[in-house]
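Heads up: the sequence shown runs through residues 11 to 583, numbered per the numbering used here.
Beta carbons are placed, not taken as given, at the ideal position from N, Cα and C, and that holds for glycine.
These notes are about the structure you will find just below.
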Amino acid sequence: MYDKLTLLALIIGIFTIPVLVPDAFAHGLGGDQAEPISFDGMEVTVRTQLSPSDITVGDVDSANMQVRFFDTLTDTNLDKVTYRIDLYQNDELLAGNFFYDNDGRLDIKLIPKLECDENRLVECSTYGGSEHVSAPGAYFVQGADCTDDNLDICGRPSITGPIFVKGGLYKIKVDIVAATSPRTLLANNLIYETFVSVAQEQNFQIQTANAEEIPVVIKTYYDDVDNFKFDTSDDSISFDMPFDWSPDYVNLVQVVHEEVRVPKSFAPYAEGTQFKGYVNGVEIDQRALLNDPYSYDDTNIIHFLITNNELLKINETLGSDNYDNPQMDLKLVPLDEISKSSTEFYLVDTANYEPVPTTVNISWDGKYGANQDIPFEFTFFDENRGLIKDLRYAYVVLDEFDQELARYDGDDSVNPGIVSMEGIDIQKIYIPSEGQIRFDILVYGTGFDYDPKYAGIGSAIVEIGPGSSDTPSPSEIMSPVIEKTTIPDWIKNNAEWWAAGQIDDTSFIQGIQYLIKEDVLKIPPTIQGSDSGSTGIPDWIKNNAEWWAAGQIDDTSFIQGIQYLIEKGIMKV
C-alpha cells in the first residue's frame, strides 16, 4: 500500500505534534499537579513528584520529594521561594516546616522512621538543614542545585519521621510564603494540595474447593484492605478498605489503585483470563481492569485503576445513600479465557525515522468484529521487554481507503495524550465493517514532563473479521450497572408487616435468610461482615422497607438495605 517512509510521513501529517508544555491539574505515577492560581500576570502552580515514583513500604530507605513552583504559561520556575510543606495521611499531620530554595525546585530527602512513641506523629519528625540567612525559620542546605541525576550529592534538606511507613494516600499541602525574593512575603499565601500514593503489600491465602492453598498478594496504594474472601462458586476475590464517598472528597481523588497478584498456575487466573470488577456492587468499566501477565513469569497482576470519572459514576449510580458509606468494597470475577489476535511493531522518531526503544502491541478478543465496539488493548514495552509506565499516547484508526474511523488524544486539551499509567491501556473503538484497518500510534513521552526517551510514531495493519453475533457490545459490558436482582411481589407484604411492627426483627431476618438460601431472593455478591455486636437494625432500614412496600423507592434501594445488614454482620447468609 505504501512504502515505509511515505507511511511515516503520512502519520506525522495525521497527528498535530504540539510543543508540549504541561499546563493543567493532573495526576501521574508518584506525582500530582495542583490547579494553577493567577498571580502577578502568571498562572502558577505546584507539582510534587516522588523518586522513585513507585514506592512500596519497606522497600526503600529514603525517597526524594520534589516540589516545583512554576508558571504554567511559560513552563518557567519562579526563583527564591519560601515554602511551607505539610505532609498528612488520613488527615493526621506527619511532618511540617518551612523550606527555602533558589531555583523554584525544592528537593527534600524523606527518611521513613517506623518508631514513634508520641501522641502526635508530627512530634516524631526531625529536619535536616540549616536556617537560610534571608528566610528565617526556613530549612536550606548549601550546595549544588538538584537535578534528576545528582540527588545523592546536591544540597537538599531532609525530613526523618513516620512518613511512608504505611501504604496509602498522602496529602502534601504546599503554601508559597514568598517568591522571587526570600524577603518578599506574599500578601496572601498561595495554597496548594497535592496527593501521592505509596503502596504496601498484604499477603492472603485462598483455599480452593479441593483444599489447595493459593497465595495471593494485594498491593494497595490507598489504605489497609480487610475482609479478604475467595468464593469457590465463581472463583471471585473480594476485599474492602476504608474510603470516604462524600462528593467533596471524591472530587479530589484522581485514581484509586489496587493490585491483585495471583499465581498463573492457578487455572481460574491463568494468563489470558478476562475479568469483571465490581465496586460497592457496581460493575466498573472494563478499562478500569488491566491484566498484566508480563511483569512476572509466574504471577498475573490484575490492576484496579478506578479513575475519578469512575468514582463519580459509582456515586451517581448508588445515589446519596452511598455518601455516608465508610468503605469501598472491591470484587474481581474471572471470566472465560479469550482467544486473542494481536500485532506488534516498533516506533521511530519523527526527525530521522530512527528506531526508538519502544515496542507497541495491539491485541483484541477475536469474538469481536465488524459493526461492533471492539476493546483493543494497547501495551507498550521498553527495550528490555518491560512495561513503560506513566506513558502518554494517541491513536488514529483508518480504513483501507484512508477514511478516518476513530481518533483519540485524551481528554485534556492542554496536556495531550491518553495516560497509560501501567503501560497497558484498553480503548473501545467502533469498527463498521470487515477488512483491513490501520492504526497510527504517536507516543508523546512519559511523566509530567513528557520525557522523550520512548517518544515516537508507528503504524500497523490489522484484519477485522465478522465477529460473533452473540457477543455483547462493550458498551454493555463497560457500563456501570448494579448486579440485578428479582424480588417476588409477595415479599413486600413481609416488609410492610415488619415496618408496622406486626413481626419482630428476628423473624424478619430469619425470613430473609431463608429466602436468600432458597435462591428466591437474589442478592448481588456482598462481603459478609463479622458480628458487629449490634442488638438492633438501624431505623433507616425499616423506613426503606416501609417505603419499598408502598412503592416509594425501587427494588435496588431495598436490596442495598439487605446488603448493609450482611456487610455489618447483623444478618448471616
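Limits of the alpha helix (DSSP H) - the one that residue i falls within
i    : result
Y259 : 257–260
G521 : 515–527
Check whether residue i and residue j have beta carbons under 8 Å apart
i    : j    : result
F388 : Q446 : no
Y98  : Y180 : yes
T353 : V472 : yes
I169 : S135 : yes
N199 : D185 : yes
N261 : N335 : no
T456 : I398 : yes
G139 : F108 : no
T58  : V70  : no
D42  : V206 : yes
T66  : A209 : yes
S430 : Y403 : yes
A105 : G153 : no
V370 : G468 : yes
G282 : G379 : no
W255 : N332 : yes
N2   : P225 : Since the first residue of the chain shown is 11 and the last is 583, residue 2 is not available in this structure.
E269 : I311 : yes
S243 : L342 : no
V453 : L401 : yes
F390 : G427 : no
Start-to-end residues for the beta strand (DSSP E) that takes in residue i
i    : result
T309 : 309–317
I551 : Careful: I551 lies outside any beta strand (DSSP E), inside the alpha helix (DSSP H) at 549–559.
E268 : 265–273
A505 : Careful: A505 lies outside any beta strand (DSSP E), inside the alpha helix (DSSP H) at 501–509.
N213 : 210–217
M581 : Taken as a continuous stretch (DSSP letters only), M581 belongs to no beta strand (DSSP E), as it is neither H nor E.
Y180 : 178–188
R115 : 115–122
L404 : The identity of residue 404 in the sequence shown is Ala, whereas the question assumes Leu. First-last of the beta strand (DSSP E) with A404: 401–409.
R166 : Careful: R166 lies outside any beta strand (DSSP E) and carries neither H nor E.
V370 : 365–375
D450 : 445–456
T283 : 283–289
Y418 : 414–418
Alpha-carbon spacing of residue i relative to residue j, whole angstroms
i    : j    : result
S560 : Y524 : The question names Ser, yet the displayed sequence has Ala at residue 560. For A560 and Y524, the distance between alpha carbons rounds to 23 Å.
A555 : M251 : 28 Å
D345 : T368 : Reading off the sequence, residue 345 comes out as Leu, not Asp. Approximately 31 Å between the Cα atoms of the pair.
G543 : K229 : For G543, the predicted model reports a pLDDT of 46, less than 50, meaning its position is unreliable; a value from the coordinates is still stated below. C-alpha separation (whole angstroms): 31 Å.
G571 : I551 : 6 Å
G177 : L124 : 12 Å
E222 : D234 : 26 Å
R94  : T204 : 13 Å
R193 : V263 : 36 Å
G63  : A219 : The displayed chain sequence assigns Ser, not Gly, to residue 63. Spanning the two alpha carbons is a distance of roughly 40 Å.
G68  : P548 : 42 Å
E577 : I182 : 33 Å
I324 : F314 : 14 Å
V187 : V91  : 8 Å
F285 : Y405 : 25 Å
E410 : A470 : 12 Å
Y279 : D155 : 49 Å
Minimum Cβ-Cβ distance from residue i to chain D less than 8 Å
i    : result
D162 : No chain D is present in this structure, which holds just one protein chain.
Three-state secondary structure (DSSP) of residue i
i    : result
P278 : helix
Q99  : strand
F355 : strand
Y110 : strand
R395 : coil
Q296 : helix
N301 : strand
L88  : coil
Q337 : strand
N220 : coil
I441 : strand
T55  : strand
L161 : coil
G633 : Residue 633 lies beyond the range of the chain shown here (11 to 583); nothing can be said about it.
N325 : helix
Y464 : helix
Heavy atom of the ligand FAD within 7 Å of residue i beta-carbon
i    : result
A221 : As for the ligand FAD, it is missing from this structure, which has no ligand bound.
Decide yes or no for the touch test of the region 353–363 against the region 418–431: beta carbon pairs closer than 8 Å, at least 3 of them. no
At least three beta-carbon pairs within less than 8 Å, the region 286–298 to the region 306–325: yes
Answer yes if the region 115–125 comes into contact with the region 79–96, meaning at least three C-beta pairs across the two stretches below 8 Å, and no otherwise. yes
Counting beta carbon pairs with one atom in the region 140–159 and one in the region 120–127, are three or more of them shorter than 8 Å? no
Would you be able to state if there are at least three C-beta pairs under 8 Å between the region 373–387 and the region 427–443? Inter-segment contact for the region 427–443 and the region 373–387 is present: three or more beta-carbon pairs are separated by less than 8 Å.
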